[in-house]
Amino acid sequence: MPPSSLPRLTPPHLLPFYKGCICSRTCTLVPRGVHSGSRSCSRAPASASSKSIFVVSRRRAINLQTAPFFVYLCGGQQHLNPAQAAEQSTSTQEVAYFAAGNPTLLAPFFRELAYRGVTRVTTGSADGIQAVRVTYDTSEILYSDLLRVYFHHIDAADGGGQFKERGEQYAPAIWTAGNESYLKEANRALDLLAKSEVFGNKPTQPLAVKVYNSTPAVFTPSADDIRLGGKQLSEALKQSGRTSRLGDGKGKAGIWGYEEYCEARVCGYYVNAPRCQGTCRDYYVDGKLGLS
């Protein structure tokens, strides 16, 4: 049936006749009282747009031109006043603070998580310590995932700075914003990584990262928002000593490099992060980030 011949129903008119569906799902909607048959809702990617919605009933097909009505039904578009919209848009936003050396060299690894729900990364000074402020959506990414990224790009055993950046202003630190579960997760990570000796520390020696169960009293954004990427970032990581200490995930060097081996006369096998063993593997399964 062509779209022009479909009844011009507004969403309020549709509500009594069609079952509701959940946004980001591909659904079969049917008039009330009509058996829906074997078809049912199936999960679709959260990023699916209205173009991916195709609704079929036993009486008529609803094509893409009418799909926005069903986005409305699914809660995809709601008419909110500015105050409600602001509250809704920020209700799942939280801020995390991490410090470890030059924040310009730490920030890119959090910015890479934009597809996972990190909405903004700001470099600056937190209570006199060079740090990054990470704004993220808790409905899309877990705090524990931010911690995994953090520990993957620092030297947690070095409390006098980081790599070639020396001094207290470059010391590693985490602020858990008074959240007891975040505090527990940070201390759990430190305990597992310390026991594994992955950073070259003794197993009974605690790592040097300080954990503050608060937010910084003062955070001052950097005057110049330097953003490195590509070859510039790779070169800066090498010059700072990070690549030789940590590796870049593409070679054999550093903690997070890989080790090649042969088996049955066939070479080319490799194991990720061979220095990450024991309790380190409890935290970084297979030596990888293992984001949730």
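Under the working numbering, the first residue of the sequence shown carries the number 130, and numbering increases by one thereafter.
Ideal placement from N, C-alpha and C gives every residue a C-beta, glycine not left out.
Original post:
CB-CB under 6 Å to A420, same chain, minus the five flanking residues each way: which ones, in chain order?
Top reply: Position 291 of the sequence shown, counted from the first residue, corresponds to residue 420. Checking the sequence shown, residue 420 turns out to be Leu, not Ala. Correct list, in chain order: D274.
Original post:
In the DSSP assignment, what are the bridge partners of C396?
Top reply: Taking the first residue of the sequence shown as position 1, residue 396 is located at position 267. DSSP output for C396 lists C391 as bridge partner(s).
**OP:** Using three-state DSSP, classify K367 as helix, strand or coil.
**Re:** Here residue 367 corresponds to residue number 238 of the sequence shown, with the count starting at 1. Helix.
Subject >> Where G359 falls: helix, strand or coil (DSSP) >> reply: Mapped onto the sequence shown, residue 359 falls at position 230. Helix at G359.
**OP:** Locate the beta strand (DSSP E) running through D415, then write down its first and last residues.
**Re:** Counted from its first residue, the sequence shown places residue 415 at position 286. Here D415 belongs to no beta strand (DSSP E), and DSSP marks it neither H nor E.
Original post:
Should D353 go down as buried or exposed, given a rule of 16 or more other Cβ atoms within 10 Å for buried?
Top reply: Counting from one through the sequence shown, the residue named residue 353 turns up at place 224. With fewer than 16 other Cβ atoms within 10 Å, it is exposed.
Original post:
CB-CB under 6 Å to V278, same chain, minus the five flanking residues each way: which ones, in chain order?
Top reply: The residue labelled residue 278 in the question sits at position 149 within the sequence shown. Same-chain partners within the cutoff: F238.
Subject >> Where the beta strand (DSSP E) through S220 begins and ends >> reply: Position 91 of the sequence shown, counting from 1, holds the residue named residue 220. Element bounds for S220: n/a, residue is neither H nor E.
Original post:
Would you call the region 260-271 and the region 358-372 touching, i.e. three or more CB-CB distances under 8 Å?
Top reply: no
**OP:** Check whether the region 283-292 touches the region 344-351, counting contact only when three or more Cβ pairs, one atom from each stretch, lie closer than 8 Å.
**Re:** no
Subject >> Inter-residue Cα distance where the pair is G329 and K313 >> reply: Sequence index remark: in the sequence shown, residue 329 carries index 200 (1-based). Sequence index remark: in the sequence shown, residue 313 carries index 184 (1-based). Going by the C-alpha atoms only, they are around 24 Å apart.
**OP:** Tell me Y226's beta-bridge partners as DSSP assigns them.
**Re:** Residue 226 sits at position 97 when you count from the first residue of the sequence shown. According to DSSP, Y226 bridges with R262, W304.
Original post:
Which one or two residues does DSSP pair with R295 in a beta bridge?
Top reply: Taking the sequence shown and counting its residues from 1, one reaches residue 295 at position 166. Note: R295 sits in a beta bridge opposite G290.
**OP:** Could you tell me whether any non-hydrogen atom of the ligand COA is closer than 7 Å to the CB of N401?
**Re:** Absence of the ligand COA is noted for the structure shown, with no ligands found whatsoever.
**OP:** Pick helix, strand or coil for P232, following the three-state DSSP scheme.
**Re:** Against the sequence shown, residue 232 aligns to sequence position 103. Helix, per DSSP.
**OP:** Could you tell me whether the Cβ atoms of A315 and L336 are closer together than 8 Å?
**Re:** Start at 1 with the first residue of the sequence shown, and residue 315 comes out as number 186. Start at 1 with the first residue of the sequence shown, and residue 336 comes out as number 207. The answer is no: Cβ separation not under 8 Å.
Subject >> Which listed residue (R295, V250, Y299, I303) has its alpha carbon closest to that of F227 >> reply: Start at 1 with the first residue of the sequence shown, and residue 227 comes out as number 98. Checking every option, the nearest Cα to that of F227 belongs to I303.
Subject >> Rounded straight-line distance, which links the Cα of G307 to that of T385 >> reply: Walking along the sequence shown from the start, residue 385 turns up at place 256. Walking along the sequence shown from the start, residue 307 turns up at place 178. First, the amino acid is wrong: residue 385 is Trp here, not Thr. C-alpha separation (whole angstroms): 31 Å.
Subject >> Residue span of the alpha helix (DSSP H) that contains A425, given as start and end >> reply: There is no way to answer for residue 425, as the model of the chain reaches only from 130 to 421.
**OP:** My understanding is that N401 touches Y387, with C-beta atoms under 8 Å, so please give their C-beta distance in whole angstroms.
**Re:** Counting from 1 along the sequence shown, the entry for residue 401 is found at position 272. Counting from 1 along the sequence shown, the entry for residue 387 is found at position 258. Right, the Cβ-Cβ distance comes to about 5 Å (below 8 Å), so this counts as a contact.
**OP:** Look at the Cβ atom of L234, then the Cβ atom of I270, and state whether they are nearer than 8 Å.
**Re:** On the sequence shown, residue 234 is found 105 positions in, with the first residue counted as 1. On the sequence shown, residue 270 is found 141 positions in, with the first residue counted as 1. Cβ atoms of L234 and I270: not closer than 8 Å.
Original post:
First and last residue of the beta strand (DSSP E) that includes R249?
Top reply: In the sequence shown, residue 249 corresponds to position 120, counting from 1. Residues 247-255.
Original post:
Between which two residues does the alpha helix (DSSP H) carrying F280 extend?
Top reply: Residue numbering aside, residue 280 sits at position 151 when the sequence shown is read from its first letter. From DSSP, the alpha helix (DSSP H) with F280 extends over 272-281.
**OP:** With distances taken Cα to Cα, identify the nearest neighbour of L375 among V340, R249, H281, S254.
**Re:** The residue you call residue 375 lines up with position 246 of the sequence shown. Considering only alpha carbons, the answer is H281.
Original post:
Start and end of the beta strand (DSSP E) containing V340?
Top reply: Numbered from 1 along the sequence shown, position 211 holds the residue referred to as residue 340. Its beta strand (DSSP E) spans residues 339-341.
Subject >> Limits of the beta strand (DSSP E) - the one that P350 falls within >> reply: Along the sequence shown, one-based indexing puts residue 350 at 221. Residues 348-350.
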